[in-house]
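Inspection log for the structure reproduced underneath, given as structure tokens.
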Amino acid sequence: MYTIEPLTHRNQDEWDAIIQQCSNTTAFQSLAWRNALDSAFKQLTPVYLLIKEADSVIGGIPAFVFQPIPGIRLWQSMPWNLSGGIHLMNSVDVNPETLVRSIETAALKNGWCEIRWTLTPEHTATYGSYFTKAGYECTHHFTHLLKTSEDVDTLWHAYNKRVRGAVRKAEKSGVEVTDTNSEAALSTFYEMYLMTVRRLGGTPKPRSLMQVLLQQKVAKLAVATYRGTIIAGLLYLRFNKTVTLWCEASVPAFLKYRPNNAIFHYIITQTCHEKDEWVDFGASPRENKGLIAHKEQYRAVRTDFASYTKVISPLKRRLWTQSEGTLRQIYTWMQA
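Numbering-wise, the sequence shown is residues 0 to 335 according to numbering that gives the first Met the number 0.
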């Protein structure tokens, strides 16, 4: 018999020890990520759960309740289509029905208008059919994963020749890439990041979130400099043998020096030296063929995953749908 127990200040020290024994977990399932989002977003309330069998903890469910406006609350196994779902220690296998029903019961009790599970690629294959049969609507996504090696040269020679040429050009042009803990560098990077996100029509993450993740040592900031000036950067996450490329920014006028290629190669090299196993290049919009091709030039492999959504209150969900665009514009303006 499986039961769930809320994660609290009293038992939260168990979380990372358990999650690191679960397959394919990343920084997005770490306690540091939970605490960073809780600190940076008033609209997000963590509702993390420990999964127990008898008296033993065998896994966890990381999740947040998102309240964008009063009266509208949505349960998300992880915001922004990041993988959450049911995470179990490697030796454990369970029927998800009991766990999923417990979330549905909580949704009715607490007035959540929607439940959204975003599963890892592995769990999409394992549990996807159950969610579909249980009345959840499936939305397909994909990321790109690169299996690393202790031999950096093997990965280097596997790159597309255009990538190798771009990295060499960056080096010959005098571009240097380093990790940095400097507050000034973070400020410069964040200004570039805001301009990059606006140029692409996205919604920026707050600087405070990045700062907390860096302080918690779950994130690193790699910057590319040219003649002493930061011209590009990438905030990446590292947890449980997986490095995740997350927030990228660059100055268009300096792209001819190929700083982004230099940063990617630097992080991949560091990943090999640290003996981590995977680089996750992140999800891509299906229509962005150029971004997809760029990731695949490093020989990262497309890997599918999915979200499963059930609307509990159609009226409340429609209210949020009608308000979402305007609220995102206001939020983007507030980050400036």
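Just so you know, even glycine gets a beta-carbon here, dropped at the ideal spot from N, CA and C.
* Between K41 and E170, what straight-line distance do the alpha-carbon atoms span, to the nearest angstrom? -> 43 Å
* Best match in A105, R33, V93 and A53 for proximity to M77 [C-alpha to C-alpha] -> R33
* Asked: Taking all protein chains shown into account, do 16 or more other C-beta atoms lie within 10 angstroms of the C-beta of K274, making it buried, or fewer, making it exposed?
  -> exposed
* By Cβ distance below 8 Å, which residues in the same chain neighbour K294 in space, the five residues on each side in sequence not counted? -> H143, F280 and S283
* Asked: Exposed or buried, T138, counting other C-beta atoms within 10 Å across all chains shown (16 or more means buried)?
  -> exposed
* Of the choices H156, Y235 and T243, whose alpha-carbon is the least far from that of R298? -> H156
* Under the three-state DSSP convention, the category Y158 falls into -> Reduced to three states, the DSSP call for Y158 is coil.
* Leaving aside the five residues before and after E175 along the sequence, list all residues of the same chain whose C-beta is less than 6 Å from its C-beta, in chain order. => Counting only Cβ-Cβ distances below 6 Å, and skipping sequence neighbours, we find T224.
* **Distance between R198 and L145 (C-alpha atoms, nearest Å)** => The straight-line gap from Cα to Cα measures roughly 28 Å.
* Going straight from the alpha carbon of K315 to that of L73, what length do you get? -> Approximately 10 Å, taken between the alpha carbons.
* For P69 and Q296, the rounded distance between their alpha carbons -> 45 Å
* To do: From the DSSP output, in three-state form, read off R285 for me.
  => In this structure, R285 counts as coil in the three-state DSSP scheme.
* **Endpoints, beta strand (DSSP E) assigned at K51** => Unbroken beta strand (DSSP E) run through K51: L48 to E52.
* To do: Give the C-beta separation of T2 and V151 to the nearest angstrom, bearing in mind that I take them to be a contact with Cβ-Cβ under 8 Å.
  => T2 to V151, Cβ: 46 Å. No contact.
* Cβ shell of N80 (< 7 Å), same chain only, five flanking positions each side left out -> T117, H140, A282 and S306
* Which same chain residues, not among the five before or five after V310, have their C-beta less than 6 Å away from its C-beta? -> E113 and R316
* Asked: Between the segment 250-260 and the segment 96-108, do at least 3 Cβ pairs fall closer than 8 Å?
  -> no
* Asked: Going by C-alpha distance, which of Y129, K240, S38 and N287 is nearest S148?
  -> K240
* Could you tell me the distance, in whole angstroms, from the CA atom of N23 to the CA atom of P120? => Approximately 9 Å between the Cα atoms of the pair.
* Taking the Cβ atom as the reference point for each residue, do L30 and F63 lie within a distance shorter than 8 Å? -> no
* Asked: Identify the residues that DSSP records as bridge partners of W116: which are they?
  -> Y307
* Asked: To the nearest angstrom, how far is it from the Cα of V278 to the Cα of Y192?
  -> V278 and Y192: Cα-Cα distance of roughly 21 Å.
* Asked: If we ignore side chains and look at the alpha-carbon of each, how far apart do S312 and P61 end up?
  -> 23 Å
* **Start-to-end residues for the beta strand (DSSP E) that takes in Q75** => I71 to Q75
* To do: Could you spell out the range, first to last residue, of the beta strand (DSSP E) harbouring K219?
  => A218 to Y225
* Would you give the residue range spanned by the alpha helix (DSSP H) that S249 belongs to? => S249 -> not in any alpha helix (DSSP H); beta strand (DSSP E) instead, spanning T241 to S249.
* Asked: For I230, which of S249, G164 and I71 has the nearest alpha-carbon?
  -> Considering only alpha carbons, the answer is S249.
* To do: Compare the beta carbon distance of M209 and Y235 with 8 Å and say whether it is the shorter of the two.
  => no
* Excluding sequence positions up to five away, which residues of its chain have a Cβ less than 8 Å from the Cβ of L326? -> P67 and I68
* First and last residue of the uninterrupted alpha helix (DSSP H) at E4 -> Not the alpha helix (DSSP H): E4 falls in the beta strand (DSSP E), residues Y1 to P5.
* To do: Provide the residue(s) that pair with W277 in DSSP beta bridges, ordered along the chain.
  => W277 is bridged to K146 and T241.
* To do: Give me the Cα-Cα distance between K204 and D15, rounded to the nearest whole angstrom.
  => 24 Å
* Comparing alpha-carbon positions, which option in L49, R206 and T177 lies nearest H264? -> T177
* Straight-line gap, I291 to S181 (C-alpha atoms, nearest Å) -> 31 Å
* **Nearest-angstrom Cβ-Cβ length linking E13 and L48, presumed shorter than 8 Å** => About 12 Å; that fails the 8 Å criterion.
* Pull up the distance between the alpha-carbon of P45 and that of R161, whole angstroms please. => 43 Å
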